[in-house]
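Numbering (the working numbering), first residue to last: 32 to 143. Here a beta-carbon is modelled for each residue, glycine too, at the ideal position from N, C-alpha and C. One structure is given below, encoded as structure tokens.
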Ligand code: AMP
């Protein structure tokens, strides 16, 4: 099981801010901004590039959930950053697709 599957199964504790039949959203254990939430599909997709045709609806649901979480966290007006890290150079450390929602401070561009 991936780390996030174990969180979904409640084997590992997490600060859950949203859950529905398709995904869970938790606060990142090592936040990089005042708000840092991960939106994670319950179906394991290792990383974005391995998502399959037919998973468009799930991917769209993750993005809509990320935007809804950002709004609920008070970031609707100030703005927020969505990030998905793919592979080594992308900074991926957990091989279970997740959407980072970051906000509460001004982000820099280009990202590091
Ligand atoms: P990534 O580097 O894109 O794969 O993102 C993985 C994220 O998971 C990192 O930001 C970690 O801080 C976060 N993380 C790792 N373990 C946990 C955990 N037990 N609970 C919440 N977030 C975690």
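Inter-residue Cα distance where the pair is residue i and residue j
i	j	result
residue 50	residue 120	30 angstroms
residue 99	residue 135	15 angstroms
residue 145	residue 78	The chain is shown from 32 up to 143; residue 145 falls before or after that span and cannot be answered.
residue 139	residue 133	12 angstroms
residue 36	residue 47	13 angstroms
residue 75	residue 32	9 angstroms
residue 123	residue 142	14 angstroms
residue 45	residue 106	22 angstroms
Supposed close pair residue i, residue j - CB separation, criterion 8 angstroms
i	j	result
residue 101	residue 130	In fact, because the Cβ distance is near 10 angstroms, the residues do not count as touching under 8 angstroms.
Own chain residues within Cβ distance below 6 angstroms of residue i, not counting five before or after
i	result
residue 34	125
residue 158	With the chain running from 32 to 143 in the structure shown, residue 158 is simply not present.
Nonlocal neighbours in the same chain, by C-beta distance under 8 angstroms from residue i, ignoring five residues either side
i	result
residue 39	55, 71, 73
Worksheet item: Just checking, does the segment 42-55 make contact with the segment 69-82 on the three C-beta pairs under 8 angstroms criterion?
Response: In short, these stretches touch, since the Cβ pair count reaches three.
Worksheet item: So does the segment 57-64 actually touch the segment 77-85, counting three or more Cβ pairs closer than 8 angstroms?
Response: Counting Cβ pairs under 8 angstroms, fewer than three are found: no touch.
Worksheet entry | Given 8 angstroms, three or more beta-carbon pairs between the segment 104-112 and the segment 85-93 | Judged by Cβ distances under 8 angstroms, the segment 104-112 makes no contact with the segment 85-93, as fewer than three pairs qualify.
Worksheet item: Which runs of the beta strand (DSSP E) spanning at least 3 residues fall entirely within the segment 112-136, listed in chain order?
Response: With a minimum length of 3 residues, the continuous beta strand (DSSP E) runs that stay inside the segment 112-136 are 130-134.
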